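Protein chains in written order, with our numbering: chain V, 1 to 154; chain W, 1 to 154; chain H, 1 to 79; chain Y, 1 to 79.
To start, the structure under review is shown below, and the notes come after it.
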């Protein structure tokens with residue numbers, strides 16, 4: 001299985017975890033994003049995720065590289081699911097192993113924040129009373145540089 | 001399976017994760033502690049963990065209650081393995097689910113720090129060139145109150 | 001031909017995800033956005049979305065040429 | 001009888017994990033530590049280890065009585 005993977009089937013968390021466990025890891029921080037039913041007073045029926053798959057996998061890999069730059073002994077694996085997801089389904093699983101626990105927590109958290117900034121994946125909420133693409137589709141946020149945060153022109 | 005569990009068999013991470021996933025969880029932060037081979041220049045051959053099992057399970061449960069007090073919508077499950085563990089074996093798996101990711105990371109981290117303070121479990125390192133019980137067995141740390149941090153006389 | 005990819009709300013408005021547009025000489029992304037609006041009418045969010053050429057983020061003044069794949073990337077919402 | 005539990009380095013030094021000591025009237029943990037040292041000789045780390053009576057942390061002045069379980073808890077190192 002790829003370390004940085006967009007998939008259409010349910011995610012096997014243990015397979016993602018196994019990809020980062022090794023003899024000098026002492027800590028693995030795993031982040032699992034699941035489909036939540038209630039957001040404020042809005043009730044979700046189900047979600048749809050769409051991705052620009054080849055670019056999304058490249059961007060996930062880039063996040064892995066950023067983590068290795070910041071936490072030199074870290075090892076990262078990320079799988080994001082797309083398609084239709086029901087309440088409690090796993091949308092994303094991130095596993096980061098490091099020799100010591102503080103780095104694992106920080107790196108795992110870094111990964112999910114970066115996914116939300118630079119990986120071309122989109123979520124459509126299907127609520128009981130309507131649907132919407134999430135992520136500021138109305139265009140009120142400006143990317144003045146043309147790049148998301150931390151992505152530079154090469 | 002118990003939510004707060006001391007076991008002698010290999011830990012099934014997915015079972016611990018499944019215990020905290022529910023319809024209003026949106027984030028699960030999982031911490032997995034594994035046996036690391038090198039600590040500085042010391043090489044571990046294997047570890048032995050010992051526990052005061054009934055009290056250890058009560059203390060794990062207490063950590064779950066502390067988490068629920070601090071993060072009201074959190075749900076926690078913790079399994080710690082004892083006995084002989086080889087390099088890369090999983091010693092502890094903590095899963096905390098919350099509606100939003102920040103709380104999950106914080107609570108999961110809180111849990112591992114508290115385990116290291118209040119849960120009666122001991123680790124014996126079997127190095128290539130000797131063995132030792134870990135945890136300041138020499139008695140240089142004083143518990144002046146007679147209680148570990150955050151445990152009060154009732 | 002330049003291959004154009006649209007996603008999420010943009011694809012929904014345009015009614016397609018994947019089209020090809022003929023270009024004789026390299027043109028900027030700004031110019032390509034104009035061509036798209038000529039073809040589909042106004043597309044909400046096109047003005048401020050990100051873009052990628054051949055799977056790498058680009059900016060509005062980047063040039064696309066025949067054989068390139070240009071993706072319009074609305075604000076992402078994975079995770 | 002008070003049931004005494006020893007763990008980790010303490011159990012290793014004493015050569016046992018689980019013994020019973022007769023008490024006629026309740027005695028403090030400090031006094032029980034003295035009894036243990038009479039029985040086993042000096043035990044490294046006994047002085048500053050934590051204690052639990054019936055699976056709850058206690059302090060040195062807490063009293064133990066017949067039927068109680070008293071555990072001596074060296075600095076913990078789980079996780």
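All C-beta atoms, glycine included, are put in the ideal place defined by N, C-alpha and C.
What you are looking at is a predicted structure, and each value in this text was computed from that prediction instead of being measured.
Determine the DSSP secondary structure at residue i, reduced to helix, strand or coil.
i	result
residue 11/V	coil
residue 72/H	strand
residue 40/H	helix
residue 3/V	coil
residue 46/H	coil
residue 130/W	strand
residue 7/Y	coil
residue 116/W	helix
residue 42/W	strand
residue 110/W	helix
residue 56/Y	strand
residue 123/W	strand
residue 63/H	strand
residue 2/H	strand
residue 26/H	coil
residue 154/V	Legend: pLDDT at residue 154/V = 45, less than 50; position of this residue unreliable, no value from coordinates given.
Just to confirm, are residue i and residue j a CB contact at a threshold of 8 angstroms?
i	j	result
residue 148/V	residue 50/H	yes
residue 28/V	residue 17/V	yes
residue 171/V	residue 93/V	Here chain V covers residues 1 to 154 and nothing more, so residue 171/V does not appear.
residue 78/Y	residue 116/W	yes
residue 9/H	residue 67/H	no
residue 87/V	residue 37/V	yes
residue 83/W	residue 46/W	no
residue 132/V	residue 44/V	no
residue 5/W	residue 32/W	no
residue 2/Y	residue 21/Y	yes
residue 95/W	residue 80/W	no
residue 64/H	residue 53/H	yes
residue 98/W	residue 111/W	no
residue 58/H	residue 5/H	no
residue 7/Y	residue 122/W	yes
residue 76/H	residue 30/V	no
residue 55/Y	residue 2/W	no
residue 63/W	residue 101/W	no
residue 15/V	residue 105/W	no
residue 19/W	residue 77/W	yes
Name the chain A residues whose beta carbon is nearer than 7 angstroms to that of residue i?
i	result
residue 37/V	Of the protein chains in the structure, V, W, H and Y, none is chain A.
For a test of your reading of the model: does the CB of residue i fall under 7 angstroms from any non-hydrogen atom of the ligand GTP? Yes or no.
i	result
residue 125/V	The ligand content of the structure shown is nil, which means the ligand GTP is not present either.
>> Pairs of beta-carbons, one from the stretch 4 to 16 of chain Y and one from the stretch 36 to 47 of chain Y, closer than 8 angstroms: are there three or more?
In response: In short, these stretches touch, since the Cβ pair count reaches three.
>> Under 7 angstroms, CB to CB, which of the residues in the stretch 11 to 39 of chain H have a partner in chain V?
In response: Going along the stretch 11 to 39 of chain H in chain order, one finds no residue with a Cβ nearer than 7 angstroms to chain V.
> What residues in the stretch 93 to 123 of chain V have a beta carbon less than 8 angstroms from any beta carbon of chain H?
Replying inline: Within the stretch 93 to 123 of chain V, the residues whose Cβ lies closer than 8 angstroms to some Cβ of chain H are 112, 115, 116, 117, 118, 119, 120, 121, 122, 123, listed in chain order.
> How do the stretch 124 to 136 of chain V and the stretch 65 to 74 of chain V stand: do at least 3 beta-carbon pairs fall below 8 angstroms, yes or no?
Replying inline: The count of Cβ pairs closer than 8 angstroms, one atom from the stretch 124 to 136 of chain V and one from the stretch 65 to 74 of chain V, stays below three, leaving the stretches out of contact.
>> Tell me which residues of the stretch 5 to 34 of chain V have at least one Cβ-Cβ distance to chain W shorter than 9 angstroms, keeping chain order.
In response: Contact residues of the stretch 5 to 34 of chain V toward chain W are 12, 13, 14, 17, 21, 22, 23, 24, 25, 26, 27, 28, 29, 30, 31, 32, 33, 34 (C-beta to C-beta distance below 9 angstroms).
> According to a CB-to-CB cut-off of less than 8 angstroms, which residues of the stretch 62 to 88 of chain V neighbour chain W?
Replying inline: Going along the stretch 62 to 88 of chain V in chain order, one finds 87, 88 with a Cβ nearer than 8 angstroms to chain W.
>> If we require 4 or more residues per run, which alpha helix (DSSP H) segments fall completely within the stretch 21 to 104 of chain W?
In response: Assignment of alpha helix (DSSP H) within the stretch 21 to 104 of chain W, counting only whole runs of 4 or more residues, yields 53 to 70 in chain order.
>> Give me the subset of the stretch 62 to 79 of chain Y whose CB atoms are less than 7 angstroms from a CB atom of chain W, sorted by chain position.
In response: Answer set for the stretch 62 to 79 of chain Y: 71, 73, 74, 75, 76, 77, 78, 79.
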